[in-house]
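Order-wise, the sequence lines are chains A, B, C and D. Start counting the first sequence at 458; every next residue gets the next number (our numbering). Start counting the second sequence at 7; every next residue gets the next number (our numbering). Start counting the third sequence at -2; every next residue gets the next number (our numbering). Start counting the fourth sequence at 18; every next residue gets the next number (our numbering). C-beta atoms are modelled at their ideal positions from N, C-alpha and C, and glycine is treated no differently. The next block holds one structure in the form of structure tokens; read it before the comments.
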Amino acid sequence: MGLVLWIAPVIAVILSRIVNNTKQLHIISVCASFIMLLAAGFVTNSVVSYGTLTYKFFVSAFYIDAVSIIVLDITITIGFLVSIYSIGYLDEELKHKKTTSKKIKFYYSMMYVFIFSMVLALTVNNIGIMWVAIEATTLATAFLVGFNNDEHALEAAWKYVIICSVGIAMALVGIIFLHLASIDVVSNENALQWDLLYNNAKDLNSSVLRLSFIFILIGFGTKAGLAPMHTWLPDAHSQAPSPISALLSGVLLNGAMYAALRILAIVNRNLDDSGFTGKLMIAFGLLSISAAAVFIITQKDYKRLLAYSSIEHMGIIAVAFGLFTPLSVFAGFFHMINHSFTKSMLFLASGNILQKYNTRKISKIRGLLKILPVSGTAFLIGLLAVSGTPPFSIFASEVNVFLSIFSAEHYILGAVFVLLLAFIFAGIAFTLFRVFYGEPQESQYIRRGETNKPGTAVLIVLMLIIAGTGLYMPGLLKDLITSAQMIIIGG
Amino acid sequence: MENYYDLLSVLILLSSFVLVANKKTNAYIKTFRIQSAFIALTAGIMGWSSAVNEGKYDILIVCAIIVALKVIYIPHLLNKTYGNIEYRIEKDFFLNIPILIIICCGLVVFSYFSVSNIGTLTGFHINHQVVNSFSVVLIGFFFMISRKKAIGQIIGYLVIENGIFVTAMFSTHGMPFIVDIGIFIDMITAVMIMGIMVTRINVKFESINIDKLSKLKG
Amino acid sequence: MSWLTPDYLMNWSIIAYLAAAIAAVIFYGRPHLCTLLAQSGCIIASVLGAASAFSMLLTGREKLIISQLETSIPFISIDLTLDALSAFFILILSILVCCVSIYSFGYIKHYHGKRNVSAFHILYIGFILSMFFVFSAGNAVFFFISWEIMTVISYFLVVFESEQDGNEKAGLIYIVMTHIGAAFLMIAFMIMFVFTRSFDIFGSSDAIPDFAKNLMFIFFLIGFGVKAGVVPVHIWLPYAHPAAPSNVSALMSGIMIKTAIYGLIRFVLCYLNIQDTWWGILILCIGILSAVLGVAYALMEHDIKRLLAFHSVENIGIILIGLGISFVAFAQNNGFLGSLALAASLLHTFNHTLFKGGLFLGAGSIQYAAHTRDIEKLGGLIKKMPVTAVLVLCFSLAISAIVPFNGFVSEWLTYQSLFTVIVPGQTGINIISILSIAALAMSGALAAACFVKLFGISFLGKARSEYALSANEVPASMNVGMGILAAFCLTIGIFPMFFLKLIDKVVFNISGIIVTGELQGGFLMAWYPVSVSGNSITPSAIFIASAIILICAAAVIRLIGGKASNRKYGTWDCGFGELTPRMQYTATGFTKPLRIVLRILYRPGRALKTEEGDSSYFPVSQKYSVWTEPVFEKYVYGPVLTNVKKFSLRVKLSVQTGSTHAYLVYIFITVLALMLYNRLT
Amino acid sequence: MINITYLIVQIIVVIAIAPLVNGIIKKIKALSQKRKGAPILQLYYDLYKLLKKDTVVSDTTSWIFKAAPYIVFTSSLVAAMLVPVTTMLDPIWLAGDLILMVYLLALGRFFMMLAGLDAASTFGGMGASREAMISSLIEPSILVSLITVGLTAGSTSSYQIMEYMKYVDTPLIRPVYFMAFIALFIVTIAETARIPVDDPSTHLELTMVHEAMLLEYSGRGLALMELGASIKQLTFITLLANIFIPHDQLILISGVGAVVLSVLIYVIKIVFISILIAVAEVSTVKLRLFSIPNIAALAFILSFIGFMQYFVLGR
């Protein structure tokens, strides 16, 4: 059954190369993602019952434990929601002649290449392959970022490819050093297998490992959008079609963070102390949050603003993982989940807004709640949620992050952290709250009403999720996160 | 054997200096080709010894791939891309070449300073080679920064990739085979994608000067 | 009588609120029914809530757990726990909600057919419930959650009429400031958790070291101060309160800002157990500043609701003066004085809820009838809306602390606490206390001036515009709602003892000292012995004496003067002929002397625009305008905001330059820097 | 029961003496101007005349206008009841609280200002506006000086303070009382609409404050207003007289005789202070309206320094 996870996207890619009819493409995509959703449910279930799953396959083993299953479930759920949303989105684009059915074909195939590589990255045991898969996600999304094929999109895509490739190349350097550190411990056939490295972490060469971690952090940090390597992120997120932005923000960033986390676990186990890694992670995290805080307050483009908010949240997650206490790692995972759902909802809503108003400029959007009742509400709720307002889910995880910071006796850090988040809220409120009220300009000829029906349904589902998980955590999820935290912390 | 490796690592490093010193785009491609050839040679020697000593052929296969890809295909691809793009004379670098070279020397010193302490790994006298090859990574990176044109950036990226590969070679006799293959696939895809983009950029912006791509700010 | 227990009633009260909200959702399409059901639901719920709180206070139980639900998210649980303090605040809340809901029957009518009434009711009920939870939260995280929900919902209510000028900005300032304030609360709660490993509000703070306690105090002060609207973080208040619909403003000003007072008492006094005198002194200073500046700025406002909002700042200042003395006294282990001052400030909290709620409702009535909030456009309303006029007059007298009303009683108690705190020898506290007395006196007099302006200009004289001419008496339900509040004001003013007894239960619960034991003398009398002899007031006696004197005076006059005839005639016009409404004193004119005297606070300006005619002696038109500057916004917040924006822009453009090379340089430098760091450590 | 008797005595004394003070002051002013002046009892005649007269009421006014005289009168009288003319009279039933007294007077002032605005006349508004300013500025000095004195006595009750002052040796040469006395004297002048703050005898719009608010009144309304004002004036004078110049310790007999004697001495003191006020009025000129803050500040500073002397410096 687990195999379906890898086969379904491949089939989807192949089919979408063959089929020409847009409607059939939609069906294929939804079916594929639905099947993956079922498979993910199945795999989750088996992980919960049996612990780690390993599939010997080809040369490398697939290795699924609670850590991967969390990120995997996020990926697949959001993938499913995005695929539903895309139906309405692409139809609308098609209606306004902004795209062609040929490009839709391309869109779907690239999207499933992306999902495939994402799934691959999350399920392989071999860190080298993981790197390959993550680099593949960059390449798969490169053209999706440039999907609109105008100057801006092209510029964003170019920066995306160059910066992410270079960044991720640094991660490769790190992986080589990791290999070097383990050369005496792990035989060449099993080189870079995560479980072996992890189990034998104590015997690795510490000084090489430290160097390795630096490169890993910079490399995957680039991909995860940590400042100062975040620079590609606002461009790519703002220029990509909104469903793709949702995937980038809700899925891709997690993937990079996941890879960094895996290696973080090894390094910390080796060094027997999270001081070295913690300092770096926290520094990057805090820098990201501050960068987001500074950049958000004068932001003029709402999708860029959301992108900066993603940087902020990746910063929060980095801080949480950097602290590396059981509490903080738990909070980090929890925050990762919440951020993914909230941010994808925001990007999906922003897609509807973009289609309706045809502009990314905040100043040209007024009367959102009237024009787009559901998307507007989703956007508003999303903004409140994303800035940590209770009772939405991000608040719940932020409280846990705060607590873990304070519990680790980083008082000043904690205070700065809380205030920065409040400052970001202020920035978002200052720049973005005005769009909900008033009336759009006469010259924009905007008609009331939602156009993207499936998208609207998705938004409602997401709203329910983020509101629901704010005050309730399913027991299954809690178990999963706890076991993931146990895996990372060890013990 | 180590002597050959030492020599090759220095040659590879040297080729990257030559790259930085070059002014013209076709010269970049040529230098890259030479550098790749050196790398293929290194891989060949290594592969040969491992085939003889351990009966493993994967490094030899990698060597073959390098020859096919980096020495033949990618330079060809780049030449083609370059040929498609109308030639314009534009200053390609931000700083003048002597300064660039001095900075690159600094980078080598820096990488010696920061990598040489990574501790003695028993059984490997690799530090110097690693320092050299790691310097190639940094120089490649720096090359990307110093060149304005898109092609320069692609080449810089490839040099980083070369540097990484050599580092891997010298430090651990290469990555696991499957990883290497994956990396090659990624690399070739990346280069192709970049190539396509360069063409598009040339159409849209009527230049491949990356500095013109600065509409997305803030 | 199990159904009379507080928890049982409390649960039903919550259920009634929820039912009202559900009814509001179900009857989405039928606004009249929706209003009827939702507001009646609120009335029932608030009566239940009041009953519950009342019985809680009477039973004198220390602590009562209503419900505790784990959410399975670590550290987040729904925890409703009552003690006397919460019960007291819930009592205030319920009384106000009951009156406001009665009022809303009529008031909401002008929304029917124009707006989404259902959404309004849901927000309204959500707002009430969130305050309910704030008062009854048993752990700090749940408190924070309720607190933030309260903020957010009230934000939506503030922007409910977002199409009107300035409401958006009002909402924005409001939510930004309160959210930043809440961040400080969050930090304080985190410190609390770190040392005690618990979020239990009722727990002990012994494990917290002194420096952390001091920090927590500062953070609580900032966090709650923003919500309470104390100077200098008051600026959101005069924007947000006018922007909200009037029944909501009544709730916001009447009770929402009191959540901050609740928070200060709950966390600083009950939880942290005051440990330093400077805490109290700091609060005292803030109180003085707020009391004087609040009323001073109120004086210059001509928008009724803005004026009232500034008065909220003033009254919070007065409450804080009481609270400050109480903190000082507790820090000096003077339990009795602490309790007295606490009782004073709690009573003032209650009183302010009553009269400020009533005043905002009155402002709503004026707006409902005359469609404007600008005092300058009103006039003569006393003849059009006689009942409203009487009620607003009552509230005006109450807020100016004039005698037979409740405002005086609590101010008197505050004076008495200040009086008692002054002991020869302790320099700092004495000086601050005497300044507090001066501030209280001045703010009382300025408030009186302000409400003379409010009432005199808008209700008396002649109508100044069409708006005022076309006004009519508002629906009876609105007056009933206000009437109940006015009745409370008068009752507390005349028979304060009964309410003091209630407050005493709260104070006893906190300090273990009964104040009314000392304040004895039957239900009519408040007698309080100080060192030498008793200071006391007997409002009821005064009331009776006044009544007797009034009757006697009338009788004597009748006796001497006989039956006199009244002749109606025009107002004295110096022989110029008919007086027009434009010749009346305006609100601007009325406050001019004070504007000039206190110009340092207002930085007033004026301009005369003349349109020249044929000769300079015959100008076509002249336009004279005066204005006052919003000093805090202009000289504090404005520059800060501009600089933040400037900084952001500068950093943004110099970091995110759009150049790929720059971006690569960042990564490159990061690589080098980290390698260096690794090498050097 | 005996308390009520005392109160009735107090009320009668107050009502009887209040207009006299006006008469004395006017007489002294007239004498200083080499005029004969009106008889000392002129205000009594005026009040009687006014009570007999019909009233003219503006047609723009409301019930506030009609009610105001009664409220002003009542509040002044009740306030006066809180300040015993002699400690032989114990107003314990009303407790004699000074803070209460100040706020009772505020009630009267509130309605007087409203009445000024009610007739839609410019004069009324002007008077109310100026009154609002003066009262806001004077109020802190009143309370600070009264409370300072109260603090030395340990009570805010006028009766208790007077009781305490009996045993203070020559209070007026002590810094705290001297300062408080001067402050209260200034306050009295300001509160009772006298030169230099206000001119009671003018009807010129530039200078009117108190009179401007009463401009529309006639007949019994005016009578009540005037009487109320003079009672208020007497209340302040009583405070000055009985607190700072205590006399009851001199009276050694008890019973009705003591009360009568005490009231007689009281009247003498009132006359003395009236003369003081008259002298002050004669020797100064009416200030500009915007110089009044200076006087208010002076009063406040005096009371504050008095407070400092005793409670901070400990003298």
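- In the DSSP annotation of this structure, the continuous segment of the beta strand (DSSP E) that includes C/Trp624 starts and ends at Ser618 to Trp624.
- Within chain C, the residues Val449, Gly453, Tyr582 and Phe587 have their CB atoms less than 8 Å from the CB of D/Ala145, given in chain order.
- The residues Tyr236 and Ala240, in chain order, have a CB closer than 8 Å to that of C/Gly163 in the same chain once the five nearest residues on each side in sequence are set aside.
- By the criterion of a C-beta distance shorter than 6 Å, C/His231 is surrounded in its chain by Val310, once the five residues flanking it on both sides are discounted.
- Between A/Ala597 and A/Met587, the gap from beta carbon to beta carbon reaches 9 Å or more.
- Chain A places no beta carbon closer than 9 Å to that of B/Gln135, leaving this residue out of the contacts.
- Across the structure, C/Tyr660 and A/Ser706 are spaced so that their CA atoms are roughly 20 Å apart.
- C/Arg603 is outside the set of residues whose beta carbon lies under 9 Å from a beta carbon in chain B.
- Counting only Cβ-Cβ distances below 7 Å, B/Ser220 has contacts in chain C at Thr654, Gly655 and Ser656, in chain order.
- According to the DSSP secondary-structure assignment, C/Gln65 is paired through a beta bridge with C/Asp76.
- Per DSSP, reduced to three states, the secondary structure at A/Glu896 is coil, with no helix or strand assignment.
- Nearest in C-alpha terms to C/Ser133, of all of C/Ala542, C/His308, C/Val553 and C/Leu82, is C/Leu82.
- In its chain, beyond the 5 residues on either side, Ile178 have a beta carbon closer than 7 Å to the beta carbon of D/Ser172.
- Under the three-pair Cβ rule at 8 Å, the segment 877 to 887 of chain A does not count as touching the segment 802 to 811 of chain A.
- By the criterion of a C-beta distance shorter than 7 Å, A/Leu653 is surrounded in its chain by Val643 and Asn647, once the five residues flanking it on both sides are discounted.
- For B/Lys210, the chain A residues whose C-beta falls within less than 9 Å of its own C-beta are Asn606, Asp607, Glu608, Leu611 and Glu612, listed in chain order.
- Taking C-beta atoms under 8 Å as the contact rule, B/Gly169 and B/Val142 qualify, at a distance of about 3 Å.
- The CB of C/Thr424 comes closer than 7 Å to the CB of Val329 in chain D, given here in chain order.
- For the segment 64 to 92 of chain C, the set of residues with a beta-carbon nearer than 8 Å to any beta-carbon of chain A comprises Thr68, Ser69, Ile70, Pro71, Phe72, Ile73 and Ile75, in chain order.
- DSSP lists B/Arg153 as the beta-bridge partner residues of B/Phe99.
- Using a Cβ distance threshold of 9 Å, A/Leu601 and A/Phe537 do not count as a contacting pair.
- Annotation: D/Leu37 to C/Ile428 spans about 40 Å, alpha carbon to alpha carbon.
- Of the residues assessed, B/Asn102 falls on the exposed side of the cut-off, its CB having fewer than 16 other CB atoms within 10 angstroms.
- The alpha-carbon separation between A/Met568 and A/Lys560 amounts to approximately 12 Å.
- Beta-bridge partners of D/Ser308 (DSSP): none assigned.
- In chain order, Ser146, Arg147, Ala149, Met150, Ile151, Leu306, Phe307 and Ile309 make up the part of chain D whose C-beta sits under 9 Å from the C-beta of C/Pro590.
- Cβ neighbours of A/Thr532 within its own chain (closer than 6 Å, five residues either side excluded): Met575 and Val708.
- With its beta carbon at least 9 Å from every one in chain C, D/Met196 lies outside the interface.
- Per DSSP, reduced to three states, the secondary structure at B/Asn215 is strand.
- Interface annotation, B/Gly224: in contact with chain C, CB-CB separation under 9 Å.
- Nearest C-alpha to D/Ile309 among D/Tyr87, D/Val280 and D/Ser152: D/Ser152.
- Annotation: C/Gly135 is outside any beta strand (DSSP E) and is labelled neither H nor E by DSSP.
- Under DSSP, A/Lys680 forms no beta bridge with any residue.
- Taking 8 Å as the upper bound for CB-CB distance, A/Gly772 and A/Leu683 are in contact here, some 7 Å apart.
- Per DSSP, A/Thr834 is one residue of the alpha helix (DSSP H) stretching across Pro830 to Val843.
- Per DSSP, reduced to three states, the secondary structure at C/Asn8 is helical.
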